[in-house]
Amino acid sequence: MTKWSVSSFTVKASSGGQSDRVYANGRMQVGVDVYIKAVDDDTKARYTLSKTELDSIKLVDYNDTSKELHGPWTYTGTKNKYAHSFPASGTSNRAVKATHLRAAAEDSKSSEDDDAHSLTSAVSVLAVQQDSSAQCKTYWVSTTKNETKKVAARIVQGTDSATRNTHDGKTFDSYVSLTGEEPVTYTTSNISWYREDTANGEYDYEWENVLGTWFTAKNKWDQDNYYVTTTTHKLFKADIWQYDTTGLKNGFQDDKGLANCYSYFAEDKKNMKLLFIWEYDSEKTTSAGLYREGSVQFLTGSYGRKAHARIDITVNQKSNSLTLTRLCIDSGDEIWGQFWHYDCGFRLYDIYGNTGTFKAGYSSTDRNLIEIHDTNPSSDPNTSSSTWKVIKD
């Protein structure tokens, strides 16, 4: 086994420089690059670390290099899909200012040390930039704490199994300063949504007269789409829950046209209002509604009805928006069976991993309008399995 020693060891932000900022939401990441050079103890030639040796580098607390980043501060070698550069705007809110003031107060206690460190770091980084032979290990750091953390690196060198770090008080002195900024919480005050008169048409409605003869009428349907998006930063994705995922799970009507439906209701028992929530995805045409057979009772007997109310509709037409749909299916008869709804919810994520949690509701009388309400994290379906049950109306 080759004996080797660390000859150069520095850290810096992947974005450049010795500092960076990250939303303290546990999802946004910022990159930290660790640059290292080593020499063969016997030949004094450059030694190239193996992948395993590079992967053994740890990120540690600069003020206590025996402590690997842990708790609210975590890191990984895997880059996620959120944005990794803190936005240039959005720094004027009070929470962010408070973070800066707190960080300034903490750093003022060691300003002389920091000045010395800045000079050392500048020389170290310049040396790395001038010498492209330095090997680099990149880690992606996230946090859930609103604070500033000085991050260093350490490795066990191959010569004597001694631990070397970028803050050994002798040869190396390098860190990157990361600030966890107050995350954005989305509520109805910083999202936008609007209703669109999307489409309308007619569907076939068969009815039987007293002589047993069947006729086909044209009944009306009407589609309104609702588009929801974040306003502080661009929407990245959405989680949705508590709805009939297949159209076959509500316990009353089995029809694939009810997939993604969270409310099945007709106030007058005739004119049906179906409410849907759709996966955050690209535009598509889907079959929504249902085929329903029933009968109506008159003094002379019972007569059949058949509603061919499975309708092709288009959803997700607006990019960077979550789509919900109200589909109204008119009927002159009470043929729809048991009414039901789910306590439907969704969570929006912006490109930086900031979130907001909401309930997809409806107007209290006829459910002709979709309403959106703020909810707290306890509305997450993972916290209570009982709320998944369908509710009869």
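Residues 22 to 414, numbered by my numbering, are exactly what the sequence shown covers, in order. By construction, the Cβ of each residue, glycine as well, lies at the ideal position given by its N, Cα and C atoms.
According to DSSP, simplified to helix, strand and coil, what is T250? When DSSP states are grouped into helix, strand and coil, T250 belongs to the strand group.
Which runs of the beta strand (DSSP E), 3 residues or longer, sit entirely within the stretch 203-280? Listed in chain order, the complete beta strand (DSSP E) runs (minimum 3 residues) inside the stretch 203-280 are 212-229, 235-251, 256-262.
Out of I372, E202, S195, state which residue places its alpha-carbon closest to the alpha-carbon of T169. Checked all of I372, E202, S195; the closest Cα to T169 is E202.
Taking only the alpha-carbon atoms, compute the straight-line gap between I332 and E217 and give it to the nearest angstrom. Whole-angstrom Cα-Cα distance: 18 Å.
G310 and L348 look like a contact to me (Cβ under 8 Å); what is the Cβ gap, rounded to whole Å? About 6 Å; that satisfies the 8 Å criterion.
Across the stretch 284-300 and the stretch 333-348, are there enough close Cβ pairs to call them in contact, namely three or more that are closer than 8 Å? Verdict: yes, contact present.
S129, DSSP secondary structure in three states: Note that S129 has pLDDT 43, beneath the 50 cutoff, so the model's placement of it is unreliable and no number is given.
Taking DSSP as the reference, what is the three-state secondary structure of L90? Per DSSP, reduced to three states, the secondary structure at L90 is coil, with no helix or strand assignment.
May I ask you to verify whether the stretch 235-244 touches the stretch 71-81, counting CB pairs closer than 8 Å and requiring at least 3? Two segments are said to touch when three or more pairs of C-beta atoms, one from each, lie closer than 8 Å; by this definition the stretch 235-244 does not touch the stretch 71-81.
Taking 8 Å as the cut-off, decide whether the C-beta atoms of A45 and P204 are in contact. In contact: A45 and P204 (Cβ atoms closer than 8 Å).
Assuming C282 and D302 are in contact, meaning their beta carbons sit under 8 Å apart, how far apart are those beta carbons, in whole angstroms? Not confirmed; about 17 Å, so no contact.
Determine whether the beta carbon atoms of A34 and G52 lie at a separation below 8 Å. Yes.
Give the secondary structure of L320 by DSSP, where H, G and I count as helix, E and B as strand, and everything else as coil. Assignment of L320 by DSSP, reduced to helix, strand and coil, places it in the coil class.
Could you tell me which residues DSSP pairs with R368 in its beta bridges? Answer is D260, T378, bridged to R368.
Taking only three categories from DSSP, how would you classify D302? In the three-state reduction of the DSSP assignment, D302 falls in the coil class.
Around the Cβ of T267, are there at least 16 other Cβ atoms within 10 angstroms (buried) or fewer (exposed)? When all chains shown are included, T267 counts as exposed.
Of the residues D354, N341, L279, which one's Cα is nearest the Cα of G315? When each option's Cα is compared against that of G315, the closest is D354.
Keeping to the same chain, check which residues put their C-beta closer than 6 Å to that of L90; ignore five residues upstream and five downstream. In its chain, beyond the 5 residues on either side, L80, Y96 have a beta carbon closer than 6 Å to the beta carbon of L90.
Beta-carbon proximity check, S87 vs S36, cutoff 8 Å: For the 8 Å CB-CB criterion, S87 and S36 do not form a contact.
Do F367 and I261 have their beta-carbon atoms positioned less than 8 Å apart in this structure? Here I261 is near F367, since their CB atoms are less than 8 Å apart.
When DSSP labels each residue in this structure, what does L75 get in the three-state scheme? In the structure shown, L75 sits in a helix (DSSP, three-state: H, G or I).
Contiguous beta strand (DSSP E) assignments of at least 3 residues, all confined to the stretch 150-180: 156-164, 169-177, all fully within the stretch 150-180.
Given this structure, state the Cα-to-Cα distance separating D82 from A220, to the nearest angstrom. If you take the alpha carbons of D82 and A220, they lie about 58 Å apart.
For G190, count neighbouring Cβ atoms within 10 angstroms of its own Cβ and tell me buried if that reaches 16, exposed if not. With fewer than 16 other Cβ atoms within 10 Å, it is exposed.
Using only the alpha-carbon positions, how far apart do V172 and A155 sit? Cα-Cα distance, rounded: 20 Å.
Do you know offhand how far A109's Cα is from T253's? Looking at the two C-alpha atoms, the distance is approximately 12 Å.
Take the Cβ of D364 as the centre, count every other Cβ of all protein chains shown within 10 Å, and call the residue buried at 16 or more, exposed below. Its Cβ being crowded by 16 or more others within 10 Å, D364 is buried.
Rounded separation between V162 and V60 - CA only: Cα to Cα, the separation comes out at about 29 Å.
For a quick check, are the C-beta atoms of Y248 and W361 less than 8 Å apart? No.
Would I412 be called buried (16 or more neighbouring beta carbons within 10 Å of its own) or exposed? That one is exposed.
S77 versus T159 - alpha carbon distance: Distance between the alpha carbons of S77 and T159: 12 Å.
Looking at T187 and Y196, is the spacing between their C-beta atoms short of 8 Å? Going by C-beta atoms, Y196 is nearer than 8 Å to T187.
Under 7 Å Cβ to Cβ from D414, same chain only, skipping five residues before and after it: list those, please. The residues are F286, F360, W361, H362.
Taking 8 Å as the cut-off, decide whether the C-beta atoms of S29 and Q178 are in contact. No. Outside cutoff.
Hey, would you say D41 sits closer than 8 Å to L199, going by beta carbons? Closer than 8 Å, so yes.
Please tell me whether F257 and I372 are closer than 8 Å, where the distance is taken between their beta carbons. Taking 8 Å as the cut-off, the beta carbon of F257 is found closer than this to the beta carbon of I372.
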